[in-house]
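Novice: Below you will find the structure I want to go over with you.
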Amino acid sequence: MIKVYLKKNIAPRIANGHPWIYANEVDRVAGQPEAGDIVEIHYSDGKLTGLGYINPKSQILVRLLSRKAIPIDEKFFFNRILGAWNYRKKLGYTENCRLIFGESDYLPALIIDKFGDYFVIQTLSLGIDKWKPAIVDALNEIFKPKGIYERNDVPVRSLEGLEQQKGFLSTPFDTNIIIKENGLQFYVDIANGQKTGYFLDQQHNRTAIKNIVKDADVLGAFTYTGTFEIHAAHYGAKTVLGIDISEQAVLQANKNAVLNKLDHICKFEAMNAFDVLKEWGKQGPKYDVVMLDPPAFTKSRGNIENALTGYKEINLRGMKLIRNGGFLVTSSCTNLVSPDLFLSAIEAAAKDAHKKLRQVVYQSQSPDHPTIRGIDNTNYLKFLIVEVTGT
Ligand code: SAH
């Protein structure tokens, strides 16, 4: 097996468990690796760091799969996936969950969402893409699924020299499925929805709004298929309006409201949330609860400041729409914006809006997207509920 030797002074990151090795952290490679090969990684003193896959085309030269010298083969992937499923079951998941959350499950760049009997896969690096057949075999063996679909239509694959593609990895099936969550039902468009079709990471956060939405007038911005808003109606909201810029998402959200017999309470409209928040903030309807769940604001370090300005702006405007003593439910999925930075943007917004905040809930993504200490980008979702009062 080809051996990769790390420089003497490597970042403590690797020793502390982070699975990424950048090209500039490598002293030498003994042999001529092909992209996707499994290689042995060693510290400069010759001790084994672990085994991983290499891609000379990628800035991340190697991603570690194991810290131990065990064979990386079909059985390895079967065991990792089974282990991840057993962990989810221990946490109480039975139907829907993120089954594999990449680095958090020691399978870098692999995402698998389980929607009942259906599975959606993303293989985001060349090294993991090569093992797709083994991964599909493992899913077939463990779950006997009704369908498996690949959502590799994501630009990040180009960094690895991979094509974007999507399609069936099982016999074709109707990709518009219905899933159950907290006693509600949702259509999920596995083939054409955003990301894998559904945002499982907010699953337990959706239940956190249960008490504050009772008898409330609720506005949800960046609603996607209406999951938070339909939960709000289910938990006793008086009126709910959800807005999203995507006509497709709004169509699906309205269908979801009908599916749950909550369409007399829940309405969805296709609008630009940035414009709506700006205009209504000056003059317009007021709400007891405003919920914000925008898409990631940046993927590059150079834009973090702009992202923070964006968070401050929309939250400030959101706060202005809230009746005295109402609640703001606000999320951020921008990986590069740390919890501290996000919370300070919210504080700055409150100051400028002359509002006082009282924290009800602060948490991260659902536990089926485990956060690993030492792997920063596994702690990406910020979810905050605050009571908002005038100063
Ligand atoms: N809350 C949702 C997920 C939201 S994802 C859930 O839990 O399922 C972010 C959403 O923001 C996407 O649906 C996207 O279409 C929408 N979006 C992006 N830009 C927008 C804009 N300017 N105005 C309104 N919605 C926007």
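Numbering (this note's numbering) for the sequence shown: 324 to 714.
Note that beta-carbon positions come from the ideal geometry of N, C-alpha and C, so glycine has one too.
All figures in this text were calculated on a predicted structure; none of them were measured in a lab.
#1: What is the DSSP secondary structure of Gln606, counted as helix, strand or coil?
#2: Taking C-alpha atoms, which residue in Ala514, Ala596, Ala539 and Ile532 lies nearest to Val709?
#3: If you count every other CB in all the chains shown that lies within 10 Å of the CB of Pro356, and 16 or more means buried, which is it?
#4: Keeping to the same chain, check which residues put their C-beta closer than 8 Å to that of Tyr610; ignore five residues upstream and five downstream.
#5: Would Gly373 and Ile364 qualify as a contact pair, given that the criterion is a beta-carbon distance under 8 Å?
#6: What does DSSP give as the partner residue(s) for Glu552 in the beta ladder?
#7: Around the C-beta of Leu704, are 16 or more other C-beta atoms found within 10 angstroms, so that it is buried, or is it exposed?
#8: Could you tell me the boundaries of the alpha helix (DSSP H) in which His527 lies?
#9: Closest by CA to Phe551, which one among Thr530, Thr657 and Ser569?
#10: Can Asn702 and Ser689 be called in contact, C-beta distance under 8 Å?
#11: Any heavy atom of the ligand SAH within a distance shorter than 7 Å of the CB on Tyr685?
#12: Report the residue from Asn583, Asp497 and Cys656 whose alpha carbon sits nearest the alpha carbon of Tyr634.
#13: Short of 6 Å in beta carbon distance, which residues of its chain neighbour Arg421, apart from the five on each side in sequence? Order them along the chain.
#14: Rounded to the nearest angstrom, what separates Asn638 and Ile325 at their Cα positions?
#15: Just the Cα atoms here: how many angstroms apart are Asp460 and Pro468?
#16: Using the C-alpha atoms, what's the distance from Gln508 back to Asn583?
#17: Whole angstroms is fine: what's the gap from Tyr410's alpha carbon to Asn463's?
#18: Measuring straight from C-alpha to C-alpha, what distance separates Ile553 and Lys537?
#19: Alpha carbon to alpha carbon, how far is Gln606 from Gly549? Give it in angstroms, no decimals.
#20: Hey, quick one: how far does the beta strand (DSSP E) through Gln508 stretch, first residue to last?
#21: Look up Phe748 in the DSSP assignment and say whether it is helix, strand or coil.
#22: In three-state DSSP terms, what is Arg480?
#23: According to DSSP, is Ser667 helix, strand or coil?
#24: Counting pairs of beta carbons, one from the region 437-452 and one from the region 497-517, are three or more of them closer than 8 Å?
#25: By Cβ distance below 6 Å, which residues in the same chain neighbour Lys455 in space, the five residues on each side in sequence not counted?
#26: Given a cut-off of 8 Å on the beta-carbon distance, is the pair Ala596 and Ala544 in contact?
#27: Rounding to the nearest angstrom, what Cα-Cα distance links Gly565 and Ala556 in this structure?
Specialist: Per the coordinate set shown:
#1: Sequence index remark: in the sequence shown, residue 606 carries index 283 (1-based). DSSP places Gln606 in coil when its eight states are reduced to three.
#2: Position 386 of the sequence shown, counting from 1, holds the residue named residue 709. Comparing Cα-Cα distances from Val709 to each of Ala514, Ala596, Ala539 and Ile532, the minimum goes to Ile532.
#3: What you label residue 356 is simply residue 33 of the sequence shown in a count that begins at 1. So Pro356 counts as buried.
#4: Counting from one through the sequence shown, the residue named residue 610 turns up at place 287. So the list reads Ala539, Asp540, Val541, Leu542, Leu644, Ile645, Arg646 and Gly649, once near-sequence residues are dropped.
#5: Here residue 373 corresponds to residue number 50 of the sequence shown, with the count starting at 1. Here residue 364 corresponds to residue number 41 of the sequence shown, with the count starting at 1. Going by C-beta atoms, Gly373 is nearer than 8 Å to Ile364.
#6: Looking up residue 552 in the sequence shown gives position 229. None; Glu552 has no bridge partner.
#7: Numbered from 1 along the sequence shown, position 381 holds the residue referred to as residue 704. Buried.
#8: Sequence index remark: in the sequence shown, residue 527 carries index 204 (1-based). Where His527 is concerned, the enclosing alpha helix (DSSP H) stretches over Gln526 to Thr530.
#9: For the purposes of this step, residue 551 is taken as the residue at position 228 of the sequence shown. The option with the nearest alpha carbon to Phe551 is Thr530.
#10: Here residue 702 refers to the residue found at position 379 of the sequence shown. Here residue 689 refers to the residue found at position 366 of the sequence shown. Not closer than 8 Å, so no.
#11: Along the sequence shown, one-based indexing puts residue 685 at 362. No, the beta carbon of Tyr685 sits no closer than 7 Å to any heavy atom of the ligand SAH.
#12: Within the sequence shown, numbered from 1, the residue matching residue 634 stands at position 311. Among Asn583, Asp497 and Cys656, the Cα nearest to that of Tyr634 is on Cys656.
#13: Counted from its first residue, the sequence shown places residue 421 at position 98. Closer than 6 Å at the Cβ level, and outside the excluded window around Arg421, lie Asp436, Leu523, Asp691 and His692.
#14: Counting from one through the sequence shown, the residue named residue 638 turns up at place 315. Counting from one through the sequence shown, the residue named residue 325 turns up at place 2. Their backbone Cα atoms lie some 51 Å apart in a straight line.
#15: Here residue 460 is taken as the residue at index 137 of the sequence shown, counted from 1. Here residue 468 is taken as the residue at index 145 of the sequence shown, counted from 1. Answer to the nearest angstrom: the Cα atoms are 11 Å apart.
#16: On the sequence shown, residue 583 is found 260 positions in, with the first residue counted as 1. On the sequence shown, residue 508 is found 185 positions in, with the first residue counted as 1. Asn583 and Gln508: Cα-Cα distance of roughly 6 Å.
#17: Position 87 of the sequence shown, counted from the first residue, corresponds to residue 410. Position 140 of the sequence shown, counted from the first residue, corresponds to residue 463. Those two C-alpha atoms are separated by around 19 Å.
#18: For the purposes of this step, residue 553 is identified with residue 230 of the sequence shown, where counting begins at 1. For the purposes of this step, residue 537 is identified with residue 214 of the sequence shown, where counting begins at 1. Cα to Cα, Ile553 sits roughly 13 Å from Lys537.
#19: Within the sequence shown, the letter at position 226 stands for residue 549. Within the sequence shown, the letter at position 283 stands for residue 606. Each residue's Cα considered, the two are about 25 Å apart.
#20: Stepping through the sequence shown from its first residue, residue 508 is reached at position 185. Taken as a continuous stretch (DSSP letters only), the beta strand (DSSP E) holding Gln508 covers Leu507 to Asp512.
#21: Residue numbering for the chain in the displayed model covers 324 to 714; residue 748 lies beyond these limits and cannot be assessed.
#22: Start at 1 with the first residue of the sequence shown, and residue 480 comes out as number 157. It is helical.
#23: Counting from 1 along the sequence shown, the entry for residue 667 is found at position 344. Ser667 falls in the helix class under three-state DSSP.
#24: yes
#25: Position 132 of the sequence shown holds residue 455. Closer than 6 Å at the Cβ level, and outside the excluded window around Lys455, lie Thr446.
#26: Looking up residue 596 in the sequence shown gives position 273. Looking up residue 544 in the sequence shown gives position 221. The answer is yes: Cβ separation under 8 Å.
#27: Locating residue 565 in the sequence shown gives position 242, counting from the first residue. Locating residue 556 in the sequence shown gives position 233, counting from the first residue. Approximately 11 Å between the Cα atoms of the pair.
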